[in-house]
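Asks:
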Amino acid sequence: MKNLILVLSILLTTTAVMADEDKFSQLDTDEDGLISIEEAAADASLAAVFTELDADKDGYLTPAEYANK
């Protein structure tokens, strides 16, 4: 039973990470590996927290910064 719970937890985590990567790719319309504030505007909830997530304050979200949402 513990093994089943562990496997299910791993699968759910993997699925969530893949969904985040897909959303990141969709928002990264110029395919430069970053999300600009202009690209983030396509997602109102992301645009609302963009400046908080932009840890290095360079005007772009890296995949690592995006993952902190």
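Counting in our numbering, the sequence shown runs without a single skipped number right up to 111 at its last residue. Heads up, the beta-carbon is just placed ideally off N, CA and C, and yes, glycines get one too.
1. Determine whether the beta carbon atoms of residue 101 and residue 87 lie at a separation below 8 Å.
2. Taking the C-alpha atoms as reference points, what is the distance between residue 94 and residue 108?
3. Would you decide whether residue 80 is buried or exposed? Buried here means 16 or more other CB atoms lie within 10 Å of its CB.
4. Grab me the residues of residue 82's own chain with a C-beta within less than 6 Å of its C-beta, minus the 5 sequence neighbours each way, in chain order.
5. Going by C-alpha to C-alpha distance, which of 111, 110 and 105 sits closest to residue 63?
6. What are the uninterrupted segments assigned as alpha helix (DSSP H) that are 4 or more residues long and contained completely in the region 55 to 100, given in chain order?
Replies: With the structure as the only source:
1. no
2. 10 Å
3. exposed
4. 88, 89 and 92
5. 105
6. 79 to 82 and 86 to 95
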